[in-house]
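With the numbering used here applied, the sequence shown covers 699 to 765.
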Amino acid sequence: MNELTGLFEVDLEKLVSGEITWDTPMEQVVILLNNKQSQAMANRAFSKIFKHYKKTGQYLTHGGYYA
Numbered sequence: 699m700n701e702l703t704g705l706f707e708v709d710l711e712k713l714v715s716g717e718i719t720w721d722t723p724m725e726q727v728v729i730l731l732n733n734k735q736s737q738a739m740a741n742r743a744f745s746k747i748f749k750h751y752k753k754t755g756q757y758l759t760h761g762g763y764y765a
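Laid out in structure tokens, this is it:
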């Protein structure tokens with residue numbers, strides 16, 4: 699388990715609404731904002747965040763494990 703200390707950007711509402719299609723490459727869905735992480739680690743964190751968003755309709759709160 700490595701600590702994810704980087705930042706990335708994603709718009710979950712666009713994914714859920716279909717504005718971003720499911721065949722869009724992950725590099726265009728999970729956009730890295732710095733060089734402190736790998737794309738694979740960011741994708742794993744995104745997966746957890748997305749599952750939470752689909753279940754609750756809300757982003758994780760800042761300071762949470764994957765927030």
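C-beta atoms are modelled at their ideal positions from N, C-alpha and C, and glycine is treated no differently.
Threonine 703 beta carbon near the ligand SAH (any heavy atom closer than 8 Å): Summarising the ligand content, the structure contains no ligands, and the ligand SAH is consequently not present.
Buried or exposed for alanine 740, please, with buried defined as at least 16 other CB atoms from any protein chain shown within 10 angstroms of its CB. Alanine 740 is buried by the Cβ-count criterion.
Which term fits valine 714, buried or exposed, when burial requires 16 or more other beta carbons within 10 angstroms of its beta carbon? By the 10 Å Cβ count, valine 714 comes out exposed.
So leucine 705 packs on tyrosine 757, CB below 8 Å; how close in whole Å? Actually they do not touch by this definition, with Cβ atoms about 14 Å apart.
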